[in-house]
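To start, the structure under review is shown below, and the notes come after it.
Numbering (our numbering), first residue to last: -2 to 71.
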């Protein structure tokens, strides 16, 4: 007995990609990045785009703050 048939697995993958696209779009909006770009990337490659978003968000923050500014995080 198979746990997933082919239709169920396809629906599962598509729903994960859609949810990932929505979440990436929301995270990009809160970070001030391009929403359509990150939502499309989240829909295209799924949760793999999350580390890319975090890296891009950090680089964008460093560009806006500058190199000589030091911040203290608690």
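Cβ coordinates follow ideal geometry from the N, Cα and C atoms, glycine included.
At the level of alpha carbons, what is the spacing between residue 59 and residue 8? Rounded to the nearest whole angstrom, the CA to CA distance from residue 59 to residue 8 is 39 Å.
Residue 48 versus residue 55 - alpha carbon distance: Distance between the alpha carbons of residue 48 and residue 55 is about 11 Å.
On the DSSP letters alone, give me the boundaries of the alpha helix (DSSP H) that residue 59 sits inside. 46 to 62 is the extent of the alpha helix (DSSP H) around residue 59.
For residue 39 and residue 5, I'd like the C-alpha separation in whole angstroms. Those two C-alpha atoms are separated by around 21 Å.
Sub-8 Å separation of residue 25 and residue 18 beta-carbons: No, they are not a contact pair.
Burial state of residue 63 (16 or more Cβ within 10 Å): So residue 63 ends up on the exposed side.
Cβ neighbours of residue 61 in the same chain (closer than 8 Å, five flanking residues each side left out): The beta carbon of residue 61 is closer than 8 Å to none in its chain, skipping five residues each way along the sequence.
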